[in-house]
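Novice: Numbering (full-length UniProt numbering), first residue to last: 1 to 385. Glycine is no exception: its CB is placed at the ideal position from the N, C-alpha and C atoms. I'd like to ask you about the structure that follows.
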């Protein structure tokens with residue numbers, strides 16, 4: 001190999017070039033041990049060389065650049081690698097910051113983030129949440145992971161509706177999970193603005209003493225039996241270094257997410273139904289918020305006796321629930337509205353729903369009897385309902 005000579009200008013940067021024959025591990029060690037770069041920056045610079053055939057460090061004062069050049073050249077010659085180093089004036093345009101490297105696939109981004117942590121030293125913890133609670137989950141996630149080192153949307157090349165996992169992101173092969181612009185669904189929660197809910201995402205973040213990653217995957221469970229529609233689910237997975245600090249942090253994250261679900265702040269006190277259309281429409285198995293205008297008592301055309309019974313058995317009864325509990329009485333009551341079409345049953349329901357202050361009202365059609373269990377679970381979560 002011809003020996004290279006370094007002519008150093010007043011302020012220089014060192015440029016590394018290679019045709020892809022020098023092992024990545026050697027390049028990473030060179031940047032770490034000779035140039036004192038952090039493991040993650042060293043990994044990013046090695047990726048730049050592989051992707052663009054070159055990367056640069058600097059600027060350096062002349063004497064520092066010459067010393068670094070000589071030390072690096074000695075290592076390269078000793079191993080017989082093809083990595084080339086030249087110097088050039090620093091100029092006004094400096095070398096790109098390796099922390100801003102652009103990734104094409106998730107496995108490279110994850111490898112960069114955990115560059116100095118062996119794969120078998122990472123553990124993952126996960127939770128699943130029902131898809132109809134994604135608005136509250138998203139609001140909690142936005143607070144928990146507000147300042148990531150890097151954040152990416154994720155794009156699957158194979159089956160777009162299968163769930164993603166941390167292991168899937170790291171999988172080797174010709175069809176890796178790609179990083180992409182985040183994709184959001186706008187979820188109507190009955191407020192002035194919808195909640196933007198992420199489809200798939202990857203957060204690469206740091207706590208005080210360690211780095212961690214969070215994977216969000218919104219997916220559809222396979223159909224279990226004929227006549228049922230697939231259920232939407234959210235998977236949240238946190239990858240942390242093995243040990244007490246990381247695992248405690250992951251548990252804290254899940255406690256906060258579960259607290260957000262239990263509070264159900266996005267839907268409590270509103271008039272709701274579950275979307276049950278088996279044909280996927282972007283909100284399948286989600287929650288629909290009904291914005292019914294208030295119906296006044298004077299607008300309900302019923303005999304006064306029937307209207308008093310209705311008020312007493314529903315509106316007044318709900319208002320006395322606390323007192324009934326203190327007396328050990330049941331706080332459950334049902335009513336049946338009977339009559340041919342056009343006699344005002346639906347209008348009466350609207351009157352009751354829009355006058356039940358601070359109550360969550362769930363509207364379920366006869367054709368949705370198969371979803372009765374889901375409605376009951378939602379009613380318990382959003383009670384008083």
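1. Taking the continuous beta strand (DSSP E) assigned at residue 220, which residues delimit it?
2. If you follow the alpha helix (DSSP H) that residue 13 is part of, which residue opens it and which one closes it?
3. For residue 376, name the three-state secondary structure that DSSP assigns.
4. In chain order, what residues of the same chain have a beta carbon less than 6 Å from the beta carbon of residue 281, not counting five sequence neighbours either side?
5. Take residue 12 and list the residues in its own chain whose beta-carbon comes closer than 8 Å to its own, dropping the five residues that flank it on each side.
6. Using a threshold of 9 Å, state whether the C-beta atoms of residue 17 and residue 101 are closer than that.
7. Could you spell out the range, first to last residue, of the alpha helix (DSSP H) harbouring residue 333?
8. What residue range is occupied by the uninterrupted beta strand (DSSP E) comprising residue 204?
9. Got a sec? Which residues, its chain only, sit under 6 Å from residue 46 by beta carbon, not counting five neighbours each side?
10. Let's test the definition: count the other Cβ atoms within 10 Å of the Cβ of residue 369 and tell me whether it reaches 16, buried, or not, exposed.
11. Compare the Cα-Cα distances from residue 168 to each of 216, 195, 121 and 207 and report the closest residue.
12. Write down the C-beta distance between residue 14 and residue 69 rounded to the nearest angstrom, noting that I regard them as a contact closer than 8 Å.
13. Going by C-alpha to C-alpha distance, which of 308, 105 and 136 sits closest to residue 174?
14. Considering only the alpha carbon of each residue, which of 350, 359 and 267 lies closest to residue 188?
15. For residue 132 and residue 126, I'd like the C-alpha separation in whole angstroms.
16. Determine whether the beta carbon atoms of residue 172 and residue 259 lie at a separation below 9 Å.
17. Please state the DSSP three-state secondary structure of residue 102.
18. Which residue's Cα is closest to the Cα of residue 334: 351, 314 and 353?
19. Could you give the distance in angstroms between the alpha-carbon of residue 203 and the alpha-carbon of residue 220?
20. Please report the residue range of the beta strand (DSSP E) in which residue 150 lies.
21. What do you get for residue 42, buried or exposed, if any count of 16 or more other CB atoms within 10 angstroms of its CB means buried?
22. Return the CA-CA distance between residue 305 and residue 326, expressed in angstroms with no decimal places.
23. What's the C-alpha gap between residue 147 and residue 72?
24. Can you tell me where the alpha helix (DSSP H) with residue 62 in it begins and where it stops?
25. Would you list the residues sitting across from residue 234 in a DSSP beta bridge?
26. Identify the residues that DSSP records as bridge partners of residue 241: which are they?
27. Would you report the Cα separation of residue 115 and residue 40, rounded to the nearest angstrom?
28. Just how far apart, CA to CA, sit residue 248 and residue 270?
29. If you drop the 5 nearest sequence neighbours on each side, which residues of the same chain put their C-beta closer than 8 Å to that of residue 21?
30. Taking all protein chains shown into account, do 16 or more other C-beta atoms lie within 10 angstroms of the C-beta of residue 112, making it buried, or fewer, making it exposed?
31. Which one of 347, 263 and 378 has the shortest CA to CA distance from residue 298?
32. What does residue 361 pair with, by DSSP beta-bridge criteria?
Specialist: Put simply:
1. Run containing residue 220: 211–220, per the beta strand (DSSP E) assignment.
2. Run containing residue 13: none in the alpha helix (DSSP H); it sits in the beta strand (DSSP E), 12–17.
3. The answer is helix: DSSP assigns residue 376 an H, G or I state.
4. Residue placement at residue 281 is flagged as unreliable, the pLDDT there being 43, under the threshold of 50; a coordinate-derived value is accordingly withheld.
5. 58, 59, 60, 62, 65, 87, 88, 89 and 90, listed in sequence order.
6. The Cβ atoms of residue 17 and residue 101 lie no closer than 9 Å to each other.
7. From DSSP, residue 333 is part of no alpha helix (DSSP H); its letter is neither H nor E.
8. Here the beta strand (DSSP E) through residue 204 covers 200–206.
9. The beta carbon of residue 46 lies closer than 6 Å to those of 24, 27 and 28 in the same chain, with the five residues before and after it left out.
10. Burial call: exposed.
11. Nearest in C-alpha terms to residue 168, of all of 216, 195, 121 and 207, is 216.
12. Sure, about 6 Å apart at Cβ, within 8 Å.
13. Out of 308, 105 and 136, the CA that lies nearest to the CA of residue 174 is found in 105.
14. Taking residue 188 as reference, the option from 350, 359 and 267 with the minimal CA-CA separation is 267.
15. Rounded to the nearest whole angstrom, the CA to CA distance from residue 132 to residue 126 is 18 Å.
16. No, these two residues do not count as a Cβ contact at 9 Å.
17. In the three-state scheme derived from DSSP, where H, G and I count as helix and E and B as strand, residue 102 is classed as coil.
18. For residue 334, the nearest C-alpha among the options comes from 314.
19. If you take the alpha carbons of residue 203 and residue 220, they lie about 22 Å apart.
20. Start and end: 150–155.
21. Residue 42 is classed as buried because its beta carbon has at least 16 other beta carbons within 10 Å across all chains shown.
22. Residue 305 and residue 326 have their C-alpha atoms some 29 Å from each other.
23. The alpha-carbon of residue 147 is positioned some 36 Å away from that of residue 72.
24. In this chain, the alpha helix (DSSP H) harbouring residue 62 covers 62–79.
25. According to DSSP, which records beta bridges pairwise, residue 234 is partnered with 129 and 218.
26. Note: residue 241 sits in a beta bridge opposite 122.
27. When rounded, the distance between both Cα atoms is 5 Å.
28. Taking the straight line joining both Cα atoms gives about 36 Å.
29. Correct list, in chain order: 81 and 82.
30. Classification of residue 112: buried, given that the 10 Å Cβ count is 16 or more.
31. When only C-alpha atoms are compared, the closest one is 347.
32. Beta-bridge pairing links residue 361 to 271.
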